[in-house]
Structures are given as C-alpha cells and as structure tokens.
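One point on numbering: in numbering that gives the first Met the number 0, the residue at position 144 of the sequence shown is 143, and numbering is uninterrupted. The beta-carbon is built from N, C-alpha and C at its ideal position, and this holds for glycine as well. Just so it is clear, the structure is predicted and the values come from calculations on it, not from any experiment. Single-structure report; data block below.
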Amino acid sequence: MAELILKDITKDYGDGDVIKGINLRIPQGEFCVFVGPSGCGKSTLLRMISGLEDVTSGAISLDGKDITKVHAADRGMAMVFQSYALYPHMRVRENLSFALENINTPKDEIIQRVGAAAKMLQIEGILDRKPTTLSGGQRQRVAIGRSVVREPKVFLFDEPLSNLDAELRVQMRDEITRLHKRIGNTMIYVTHDQIEAMTMADRIVVLHDGVIEQSGSPLELYDRPCNIFVAGFIGAPRMNFIEMKVTDVKGDHIHLEHTLFQLRIPAGKHHVSIGQEVTLGVRANHLEISETDNADVIGVIERVENLGAESHVYARLASGEGLTVYKQGYFEAGDKDKIGVKIVHNKLHLFDTDSGGSIFVA
Ligand SMILES: Nc1ncnc2c1ncn2[C@@H]1O[C@H](COP(=O)(O)OP(=O)(O)O)[C@@H](O)[C@H]1O
Ligand SMILES: [Mg+2]
Numbered sequence: 000m001a002e003l004i005l006k007d008i009t010k011d012y013g014d015g016d017v018i019k020g021i022n023l024r025i026p027q028g029e030f031c032v033f034v035g036p037s038g039c040g041k042s043t044l045l046r047m048i049s050g051l052e053d054v055t056s057g058a059i060s061l062d063g064k065d066i067t068k069v070h071a072a073d074r075g076m077a078m079v080f081q082s083y084a085l086y087p088h089m090r091v092r093e094n095l096s097f098a099l100e101n102i103n104t105p106k107d108e109i110i111q112r113v114g115a116a117a118k119m120l121q122i123e124g125i126l127d128r129k130p131t132t133l134s135g136g137q138r139q140r141v142a143i144g145r146s147v148v149r150e151p152k153v154f155l156f157d158e159p160l161s162n163l164d165a166e167l168r169v170q171m172r173d174e175i176t177r178l179h180k181r182i183g184n185t186m187i188y189v190t191h192d193q194i195e196a197m198t199m200a201d202r203i204v205v206l207h208d209g210v211i212e213q214s215g216s217p218l219e220l221y222d223r224p225c226n227i228f229v230a231g232f233i234g235a236p237r238m239n240f241i242e243m244k245v246t247d248v249k250g251d252h253i254h255l256e257h258t259l260f261q262l263r264i265p266a267g268k269h270h271v272s273i274g275q276e277v278t279l280g281v282r283a284n285h286l287e288i289s290e291t292d293n294a295d296v297i298g299v300i301e302r303v304e305n306l307g308a309e310s311h312v313y314a315r316l317a318s319g320e321g322l323t324v325y326k327q328g329y330f331e332a333g334d335k336d337k338i339g340v341k342i343v344h345n346k347l348h349l350f351d352t353d354s355g356g357s358i359f360v361a
C-alpha cells in the first residue's frame, strides 16, 4: 500500500509562496507525472514529498499516516535525480548496496536484492565498473537500481532523462514504464517534457506558478483541457489559438467573428453571451490546407517542417496570428506562398479570453 495525500501544501523560500496550496491524492500504484514549465515548482513539490525539503504549511500523509515531519530517510521513498548522483569512487555493485549496508541489511539479502535489481535493469555485466566508465544510459539505470534495491513504497523521479540523448530517452522512458508495470509501486515522475508526460503517465498533474492547473489522464487533458494554459501545454504541435468575438447566439449555434473571417459553431447548451471575447482553440490536425477560394481563412507560409511521415506548416494571418497546420506526408511550398486554411468543425475548443477557462469543446 502507498497512497499519498497532499493537503494545502505551500512553500515559501523567503520571497513569497512558490507552492501555493496544493491538494492532491495519489492512489496506490499510480504512475503520476508532474509536468509544467521550468520554475513552476515541480522539484520543490517532489522534494517536499521526499522530505528533503520542509513544507511551509500543509500536511503530507502516506497510507493514512501523517509524515509531514518524518525524516526523509524514514519515509520509505527513494528519489532518482537528473544528475544520477552516483558515488564516483564506488563500483556499480557498491553504489547499489551502499544504502542497504547503511541500515545493516543482512549480507545475503543485500546480495539477493542487488542481483535481482541488476537483472531487472540489465546491468549485471557492469557491476564491477566505476560510474565514470559508463554511458549516460547505464548510469541512469544504476541510479534507478539504487532506488529499486531499497524497495521503497514510493519512487520519486526528478527529470531523470533530461541528460540523455533523444534515442536513449525514448528507450529509458519505455524501461521506466515497464519497471512500473512489473513492480506496481506508486511512482511520481517530474518532467517539463509533455511528450514524456503523455507517454508515461496514468495521470498527469499540470503545474503552473505553484498551483495545479489540471490533473487527469493524458487523453482527458488532451481532449478536454480546462483552460488555455493546459491546452497550450499539452499536445505537440501546440494548439492554435484565435481570438474572436461572439456576435450572435441562435438556437444551439453561435456566431463568432474575427477581423478576417466568421464561424458558426454548435454550442449545445453552453452559455456564451453576445459580445463575449472568446479564444478559439484548434489543434494543428484539425486544420486543413485548402484552395484559397474555398478556405475559412488565408495565411502566408513562414516555414514548413517536413518530418517525413508528416509536415508542420507554419502560416501567418494578416491579423498577425500564427497558425500551425498538420499535414500527412510531405508538403512542398515556398516561403511567402499563400495557403487557404479550413477549420474542421470537430473538436473545436472555446475559451473565455478573460479568464482563460474552457467554455466547451465542440
Ligand atoms: N532553495 C531555494 N531557495 C530559494 N528559491 C528556490 C529554491 N529552490 C527553488 N526555488 C524557487 O522556487 C521556484 C520553483 O523552483 P523549482 O521547484 O526548482 O521549479 P521546477 O522544478 O518546476 O523547475 C523557482 O522560482 C525557484 O527559483
Ligand atoms: Mg526542477
């Protein structure tokens, strides 16, 4: 069992709150990812959970027991850092066994646990090497192994893959996900990379400026972001945002106006008022390139990223807004070429421009 509950957690390093009242329940066995831009408080929150940092106010409980004041070493948690933090003078084997020796674990058990972790992480062949002789991926496996041998209730990861090259990152992502499936422990994983969050998480917690903007499964956040911040943060390419005004409400449809074009979209029973400033959110794959005389709006191409299987077309509207259009396969066009863009009336997001909050997804 390892259910973690954070209640009204704040942190002030002396210059105002950087964590501003976090409430969160992480059930036993969940792979929970904290994601958000640099400086939003992810590491601070993780360090408070681990006990490496005090909370300024609030309470943390693990399996119903208040651990707010419990020393880091006694919380039954293990942390894996971006920097690996291996002991350079020790061989891999001692790096793995050190913490267990410290708490006087019987020798037989140490050998058994180190052997099992090494096998699981496929580092049996490097147990007699020093960290400096290892590749980044091997070092990160050892760092994870050092947590595994301690058999913690909760694993904490702070951007563990940020130092690895792209290919290795994808591989380690998969390995950590499989480790979680195999051992089933509660894991909290911090990253600023929304793709890591999308691919690894049971649940994503989006942090911004010390508060939780939204928490939910990857697809919930992708399909139903609760505000402009989450909509812009989750999903690549980034969601397009177009500022419009409600000019009419008729039956279950509303009329939106932009300086360059108009749109009529179904609004169901959701309430909007005439004159309301709204932001239309459209993902790049819900825009289509069309003939200019058949388009909702016309843009000028600034840049095309041909990625092979798909292309990202970056266009600029005369009103100044940029639009990213997703296209399968290659897209051949020159800079400054005019393109027509059609808005697919499916999965349109409407936000209130003032508050940033989602009004509906149509
Ligand atoms: N030890 C510290 N002393 C003072 N301010 C800190 C300290 N650690 C972090 N901060 C501040 O707290 C905020 C959150 O930092 P951090 O948790 O490291 O963000 P993240 O991990 O999301 O990048 C930042 O504004 C950072 O400057
Ligand atoms: Mg950090």
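Secondary structure note for Pro217: its alpha helix (DSSP H) is the uninterrupted segment Pro217 to Asp222. For Gln261, the enclosing beta strand (DSSP E) covers residues Gln261 to Pro265.
With respect to the C-alpha of Leu99, the residue from Met199, Ala116, Ile8 and Leu316 having the closest C-alpha is Ala116.
Bounds of the beta strand (DSSP E) holding Arg202 are Arg202 to His207. Put simply, of Ser42, Thr55 and His311 the residue whose alpha carbon is nearest the alpha carbon of Tyr12 is Thr55. Look at the stretch 54-125 and you find these whole runs of alpha helix (DSSP H), each 4 residues long or longer: 91-101 and 106-119. Look at the beta carbons and you see the stretch 219-235 not touching the stretch 47-67: under three pairs across the two are nearer than 8 Å.
Nearest in C-alpha terms to Met199, of all of Thr176, Val113 and His207, is Thr176. Per DSSP, the beta bridge partners of Arg302 are Tyr313. Going by beta carbons, Arg172 and Leu126 fall outside the 9 Å limit.
According to the DSSP assignment, Met186 belongs to the beta strand (DSSP E) that extends over Thr185 to Thr190.
Remark: C-beta atoms of His269 and Leu349 approach each other more closely than 9 Å.
With a threshold of 16 other beta carbon atoms within 10 Å, Ile241 meets it and is buried. A Cβ-Cβ contact shorter than 9 Å links Asp157 with Arg46.
Put simply, of Val343, Gly267 and Val299 the residue whose alpha carbon is nearest the alpha carbon of His285 is Val343.
Not one heavy atom of ligand 2 sits closer than 8 Å to the Cβ of Lys337. Taking non-hydrogen atoms of ligand 1 into account, the C-beta of Cys39 is found less than 8 Å away from one of them. Comparing alpha-carbon positions, the option among Ala283, Asn22 and Leu218 lying closest to Leu5 turns out to be Asn22. Here Glu150 carries a coil assignment [DSSP, helix/strand/coil]. Placement of the Cβ of Pro159 at a distance of 8 Å or more from every heavy atom of ligand 1 is found. DSSP, read as helix, strand or coil, puts Ser357 in strand. If you look at Val169, you'll find it in the alpha helix (DSSP H) that goes Ala165 to Ile182. Distance from the C-beta of Val189 to the nearest heavy atom of ligand 2 is below 8 Å. Residue pairing by DSSP puts Gly280 in a beta bridge opposite Phe240 and His348.
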